[in-house]
Ligand SMILES: Cc1cc2nc3c(=O)[nH]c(=O)nc-3n(C[C@H](O)[C@H](O)[C@H](O)COP(=O)(O)O)c2cc1C
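Residue numbers (our numbering): 1 to 233.
Written out as structure tokens, the structure is:
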């Protein structure tokens with residue numbers, strides 16, 4: 001760990017003192033803590049899968065994001081268990097080649113947390129959480145009736161990135177939205193209706209109710225901004 005302090009540049013906000021880390025010197029746990037504390041808020045996928053016997057599994061993942069819209073790709077970072085074996089989600093995706101991502105609203109928070117309990121394989125977490133399994137349309141995995149939005153995914157690629165986790169990419173082939181969160185004609189999702197929560201560091205979570213719009217400026221708009229002239233002084 002190294003500390004640095006730097007003075008403010010002309011016409012720019014002060015650059016604060018920093019603490020730096022060479023990731024080569026850190027343990028996996030230390031890297032994890034720095035990343036999950038700073039890359040926030042992370043969206044949460046409550047992922048539903050089925051095992052070979054058709055038993056439903058559900059678990060939350062915040063190493064999760066939308067990485068592409070064409071093709072429509074969602075990514076999950078799924079750790080292995082301490083024992084080295086796959087989590088049920090990873091094993092089920094490998095065997096069934098599909099999964100469904102359910103978006104976690106504030107109302108789904110408690111159910112999501114019950115689904116994170118490390119149950120033995122074969123336990124239906126949706127039943128434990130009192131959530132409703134709705135039949136998938138294009139995939140064998142159910143979607144969660146209480147979720148504000150759900151994306152049925154066909155397995156695309158699994159990236160083996162080390163001996164502790166894999167990254168699973170799924171292509172979205174079907175979507176469900178609760179009727180009050182979507183303007184279907186405009187394909188517009190209402191963020192207030194979705195009421196998604198995000199994962200912070202440690203056991204922290206954040207709501208998404210402090211919402212504002214900030215359109216990206218054109219070069220012309222920025223050039224006409226008084227700040228643009230100040231930057232060039
Ligand atoms: C909000 C939240 C986010 C989580 N994110 C991840 C994650 O990104 N990757 C992971 O491997 N485990 C993550 N976990 C832990 C898994 O949900 C947990 O290990 C679960 O029991 C796995 O279930 P499974 O064996 O049924 O797949 C997260 C837990 C919570 C509560």
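Glycine included, each C-beta is placed from N, C-alpha and C at the ideal position.
Item	Value
How many whole angstroms separate the CB atoms of residue 196 and residue 43, which I take to be in contact at a CB cut-off of 8 Å?	7 Å
Following a CB-centred definition, is residue 77 positioned closer than 6 Å to any heavy atom of ligand 1?	yes
What separation, rounded to the nearest whole angstrom, lies between the Cα atoms of residue 103 and residue 46?	6 Å
Using the DSSP secondary-structure output, state which residues sit across from residue 86 in a beta bridge.	80
My output table needs one value for residue 107: the three-state DSSP class, helix, strand or coil.	helix
Can you name the residues that DSSP bridges to residue 73?	68 and 171
Is the CB-CB distance between residue 74 and residue 170 below 7 Å?	yes
Do the CB positions of residue 153 and residue 172 come within less than 7 Å of each other?	yes
Return the chain-ordered list of same chain residues with a C-beta closer than 7 Å to the C-beta of residue 7, the five sequence neighbours on each side being excluded.	Confidence in residue 7 is poor, its pLDDT being 44 and thus under 50, which makes the residue's placement too unreliable to answer from.
Does DSSP put residue 98 in a helix, in a strand, or in coil?	strand
Which of the three DSSP states, helix, strand or coil, is assigned to residue 201?	coil
List, from N- to C-terminal side, the alpha helix (DSSP H) runs of 4 residues or more that fit wholly inside the segment 17-62.	28-38
Quick one: give me the first and last residue of the alpha helix (DSSP H) that residue 126 is part of.	125-129
Can you tell me which of the three DSSP states residue 10 falls into?	Low local confidence applies: a pLDDT of 43 at residue 10 is under 50, so the model's placement there is unreliable, and no value is given.
Using 6 Å as the cut-off, classify the Cβ of residue 215 as near or not near the heavy atoms of ligand 1, replying yes or no.	no
Keeping to the same chain, check which residues put their C-beta closer than 6 Å to that of residue 9; ignore five residues upstream and five downstream.	With a pLDDT of 43 at residue 9, under the threshold of 50, the modelled position of that residue is not reliable, and the figure given next carries that caveat. Within the same chain, residue 9 has no close Cβ partners at all.
Pull up the DSSP beta-bridge partners for residue 144, would you.	133
Give the single residue among 160, 156, 191 and 213 whose Cα lies nearest to the Cα of residue 71.	156
Relative to the C-alpha of residue 80, which residue among 161, 53 and 230 is closest?	161
I'd like to check one pair, residue 143 with residue 208: are the Cβ atoms closer than 7 Å?	no
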